[in-house]
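Chemist:
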Amino acid sequence: MSLPAYPMQRSDPYGIPRQLAELAARGPVDRVRLWDDSTAWIVTGWREARAVLADNRFSADVGRPGYPHLRPGFRGSRLAAAAGGAGGATMLRMDPPAHDELRRLLTGFFTVRRIATLRPMVEERAAACLDAVQAAGPPCDLISTLAVPLPSLVLCELLGVPVADRPHFEELSVALIDSAATQRQLIGTLRGLSDYLEELVTGKEKNPETDLLSVLVQGPVRDGRMSRADLLGTARLLLTAGHETSASMLSLTLATLLRDRTAWDFLGSAPEAIPAAVEELLRFHTIASAGLSRVATADVTVADQIIRAGEGVIVSVEAANRDPAAFEDPDRLRLDRGARHHLSFGYGVHQCLGQALARVELQVAIERTIRRFPTLRVAEGEGRIEFAHDRMIHGVHRLEVAW
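Residue 460, in our numbering, is where the sequence shown stops; the numbers in between run on with no holes.
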């Protein structure tokens, strides 16, 4: 029997790909075929996904032989060289102990307590975005007025990025996740990002302020605990991944809540339920639809399958988040489920550093939007919602609303 091709296409924007669901139903570990005709293991069970992500025998290093690249543009030494100009490998692609040493320098900036102090700033930026929605009048695209600019404005404040630069780094972050991008296009994007980050960091070195990058320049970089290359890699990770993932998740959240007026009205009458609702929405919509790639550095047994050293593994987070063994009736959105054990922020040492900030952004956006526009609805007519099918991250291109 031929192996199914991966990644798989979804036909229902509110579900996971049918073929992936069928694969998961056969068992928690299986095999798939990639674009270059190579094969990889795919892990779809929640328990097995946690086990792989927590096991240091599975490497996140894209340079290791056998690492499963999910599209042609991400393979090759020229791409690695271009990425090197923008700071080389980020923490996402590092293994311990190098990963742990770098993460330790950053963890204090992203604790739940530290992020809580940023909540008033996030609320202020959300209010400004909603002012723009009000000024535009119905029908208004909620993606370009709220879902995209809110995370960007928050990152500008956190990292000390000039607000005037926001359109530029938004364009770069979107280009990096374009599923149709060639290697040449990705190299061009990375070089453009490299040039921008060099200029940004040089400015912080000359005129430091109170933002995160300035603090890193004046602290760990100056005293030798962090290299300049690692600083550039961290800036790249925060600026691109931190923007596009949050924007995509917020876009899906808004589209889902507006699809079901019962959910919208419930959260409007019970704002204290919003934090739990956010966890369920994060489970229900896994934006990292391509999964998390790893390569085994030793023989490891997962669910009675022996994964040999040098074999690629893809952890399908969206399948794990729909595993009925971990979530009862998983294809149903239940805002009061209590789904905090979802894997949308990963698991283990590579767990998302910015998850507390992402949660605050989602909570604030939901609460403020419902309060400001309690009668918000999808505008009448065809084509008011356009889902993104051209990216490695699941999201919404356009969501036109009225009130």
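Even for Gly, the Cβ is constructed at its ideal location relative to N, Cα and C. What you are looking at is a predicted structure, and each value in this text was computed from that prediction instead of being measured.
Work out the CA separation of residue 411 and residue 82 for me, nearest whole Å.
Modeler: One C-alpha to the other measures close to 32 Å.
Chemist: Quick one: Cα of residue 331 to Cα of residue 322, how far?
Modeler: Approximately 12 Å, taken between the alpha carbons.
Chemist: Among residues of its own chain, excluding the 5 on either side of residue 122, which ones have a beta-carbon nearer than 8 Å to its beta-carbon?
Modeler: Taken in chain order, the residues that qualify are 352 and 367.
Chemist: Where do the ends of the beta strand (DSSP E) carrying residue 444 lie?
Modeler: Here the beta strand (DSSP E) through residue 444 covers 442–445.
Chemist: Using a threshold of 7 Å, is the CB atom of residue 105 nearer than that to any non-hydrogen atom of the ligand MG?
Modeler: No copy of the ligand MG occurs in the structure displayed, which carries no ligand at all.
Chemist: Leaving aside the five residues before and after residue 306 along the sequence, list all residues of the same chain whose C-beta is less than 6 Å from its C-beta, in chain order.
Modeler: Contacts found: 344.
Chemist: Report back the beta-carbon spacing between residue 294 and residue 148 to the nearest angstrom; my notes put them in contact at under 8 Å.
Modeler: Residue 294 to residue 148, Cβ: 7 Å. Contact.
Chemist: Counting C-beta neighbours from all protein chains within 10 Å, is the total for residue 220 16 or more, i.e. buried, or is it exposed?
Modeler: Residue 220 should be labelled exposed.
Chemist: So the beta strand (DSSP E) residue 358 belongs to, where does it begin and stop?
Modeler: It spans 357–359 - the beta strand (DSSP E) in which residue 358 sits, taken as one unbroken run.
Chemist: Can you give the beta carbon distance from residue 371 to residue 99, rounded, assuming they're within the 8 Å contact cut?
Modeler: That belief holds up - the Cβ atoms of residue 371 and residue 99 are roughly 5 Å apart, short of 8 Å.
Chemist: Cutting at 8 Å between CB atoms, please list the residues of its own chain near residue 178, excluding the five before and the five after it.
Modeler: 211 and 214.
Chemist: For the beta strand (DSSP E) that residue 87 lies in, which residues bound it at each end?
Modeler: Counting along the chain, the beta strand (DSSP E) containing residue 87 begins and ends at 86–90.
Chemist: Do residue 125 and residue 403 have their CB atoms nearer than 8 Å?
Modeler: Contact: no.
Chemist: With a 10 Å radius around its C-beta and 16 neighbouring C-beta atoms as the bar for buried, classify residue 378 as buried or exposed.
Modeler: Under this definition residue 378 is a buried residue.
Chemist: Give every residue of the same chain whose Cβ lies closer than 6 Å to the Cβ of residue 328, excluding the five residues on either side of it in the sequence, and list them in chain order.
Modeler: Correct list, in chain order: 424.
Chemist: Using the Cβ count rule (16 or more neighbours within 10 Å means buried), how would you classify residue 363?
Modeler: Under this definition residue 363 is an exposed residue.
Chemist: Looking at residue 204 and residue 311, is the spacing between their C-beta atoms short of 8 Å?
Modeler: Yes. Within cutoff.
Chemist: Taking 7 Å as the limit between beta carbons, can you name the residues of its chain near residue 70, skipping five residues before and five after?
Modeler: The answer, listed in chain order, is 444.
Chemist: Measure the alpha-carbon distance for residue 289 versus residue 176 and round it to whole angstroms.
Modeler: Their Cα atoms are separated by approximately 26 Å.
Chemist: What residue does the beta strand (DSSP E) around residue 21 start on, and which one ends it?
Modeler: This structure gives no information on residue 21, because the portion of the chain shown stretches from 58 to 460.
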